[in-house]
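Mapping of the sequence shown onto the numbering used here: position 171 corresponds to residue 160, and the numbering continues sequentially without gaps.
All remarks here apply to the structure that follows.
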Amino acid sequence: MLVSDKKDFTRFVEFPYGHYANDEHWVPPLRMQQRDLLDVNKNPFFEDAEMALFLAEFNGKVAGRIAAIHNKGYNRFNDIEAGFFGFFECIDNQQVADLLLKVASDWLKDRGLNIVYGPFSPNMIAEIGILIEGFEFDPSLMMPYNKTYYDKLISSAGFTKKVDLLAFRITDEVVDMDRIKKADDIVKRRMPELHIRDVNLKNIKDEAVVIRDIFNKAWAKNWGFSPVSENEFDHIVKDLKMIIDTDFAQVAEIDGKPVAFSISLPDMNIAFKKMNGSLFPFGIIKLLYHKNRIKQMRTALMGVLPEWQGRGIDIVLHQRGVINGLKRGFKSSELSWLLETNTSMINVAVRLGAFVEKKYRIYEKQ
């Protein structure tokens, strides 16, 4: 059934909280944040996209949900007629999954789209993919988690693998600091004009312009990418500003010109897990209590201008974050996500001493 009123919208938002109630690794997102993410009037992504939400019922109860998404900007940029499904949740019932995926596909087909990718919830700078390996771990901040049977449901509905995404983990026990330092010294000798500075949070609006420009150029040739608009990026920065830590947010400059950036974030999921999706009445207290006890982080955003890629600037940025993290008592960091085809960044992760901890899958269907 199509979600068409506030009551069904609430049912759509609330379904995961019951669906994962007994799952020890699921981290309840903030309900307020989920509502804003799905609100076409509040999320700037929908300035150039359409979305329809659907619910499935089984024996009188909500049994699943899905979103059908027409990302017009993606199609223009990639010269394709693709649609996306996202926000997929379902009981372990193939009939229900088939129905959800079919109704989303039909909605996209009615708009002249001829291939479906997913899940994108709702786009690549939010949560994407289905977890297929690493179910024994909690998800990191802004990364998805799902039931173990989702891959089976989606594959049995006729969807096939498009690409896998990798999440690497680096810990204080395995990090090879000598190797990192040597690589860092080599890069700096080759490029003495390279300077690494902290992101200026007091001038975050101008910094956002710089970072968005680098991001859009750096990611332009990666599968699944479409340029992030100014309004979208400002919205993201607004959400993240309170948790950005300048020990883990840097810009690389060559002769004063920004050419790369890296932003790692304290893994706030550790705090969110205690809050059950709500700030009130005690969520804020729990957030403040656990915030300063977080000992792991996630490298969530990174980009190097194409003309400066392959020169080791990414290694220098990572080295700064790792050293600062160790000084602060952080025990580990997740580097996610990386396309399995992104061999250059995978090599950087491996050279840092990182290992694959989780794997996610994007599916497609004609």
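C-beta: ideal position from N, C-alpha, C; glycine also.
Which residues in the same chain as residue i place their Cβ atom closer than 7 angstroms to its Cβ, once the five residues preceding and following it in sequence are excluded?
| i | result |
| --- | --- |
| Lys347 | Leu120, Glu122, Gly123, Phe126, Ala156 |
| Thr235 | Asp187, Val188, Leu190 |
| Glu221 | Pro33, Phe34 |
| Ile193 | Val226, Lys230 |
| Arg350 | Gly118, Ile119, Ile121, Asp140, Lys150, Asp153 |
| Phe319 | Lys284, Gln285, Met286 |
Go ahead and label residue i buried or exposed: buried means 16 or more other beta carbons lie within 10 angstroms of its beta carbon, across all protein chains shown.
| i | result |
| --- | --- |
| His59 | buried |
| Gln239 | buried |
| His307 | buried |
| Ile169 | buried |
| Met231 | exposed |
| Glu182 | exposed |
| Met(-10) | exposed |
| Thr288 | buried |
| Lys136 | buried |
| Ile69 | exposed |
| His8 | buried |
| Asp228 | exposed |
| Gly314 | buried |
| Gly75 | buried |
| Gln83 | exposed |
| Asn362 | Beyond the ends of the chain as shown, which are -10 and 355, falls residue 362; an answer cannot be given. |
Could you name the residues of the same chain whose beta carbon sits closer than 6 angstroms to that of residue i, not counting the 5 residues immediately before and after it, in chain order?
| i | result |
| --- | --- |
| Ile302 | Ala241, Ala249, Val293 |
| Lys262 | Val16 |
| Ala338 | Phe157, Leu324 |
| Asp87 | Ala146 |
| Glu196 | Val188, Asn189 |
Since residue i is in the alpha helix (DSSP H), which residue starts that stretch and which ends it?
| i | result |
| --- | --- |
| Ser144 | 139 to 145 |
| Tyr63 | 61 to 67 |
| Glu221 | 219 to 229 |
| Thr235 | No alpha helix (DSSP H) holds Thr235; DSSP gives it neither H nor E. |
| Met334 | 332 to 341 |
| Phe204 | 193 to 207 |
| Ile169 | 166 to 179 |
| Ala260 | 258 to 261 |
Could you give the residue range of the beta strand (DSSP E) that holds residue i?
| i | result |
| --- | --- |
| Ile185 | 183 to 187 |
| Pro5 | Where Pro5 is concerned, there is no enclosing beta strand (DSSP E), although the alpha helix (DSSP H) it sits in stretches over -5 to 8. |
| Phe381 | Since the first residue of the chain shown is -10 and the last is 355, residue 381 is not available in this structure. |
| Ile121 | 119 to 122 |
| Gly318 | Looking at the DSSP string, Gly318 is not in any beta strand (DSSP E), and its letter there is neither H nor E. |
| Ile159 | 149 to 160 |
| Ile283 | Here Ile283 belongs to no beta strand (DSSP E), and DSSP marks it neither H nor E. |
| Ile104 | 104 to 107 |
So, with DSSP's three-state summary, where would you put residue i?
| i | result |
| --- | --- |
| Gln23 | helix |
| Ile80 | coil |
| Pro295 | helix |
| Phe214 | coil |
| Leu306 | helix |
| Glu39 | strand |
| Gly357 | With the chain covering only -10 through 355, there is no way to say anything about residue 357. |
| Leu89 | helix |
With a threshold of 8 angstroms on Cβ separation, who are the neighbours of residue i within its own chain once the five nearest residues in sequence on each side are excluded?
| i | result |
| --- | --- |
| Met113 | Gly213, Phe214, Ser215 |
| Val199 | Val240, Pro247, Phe250 |
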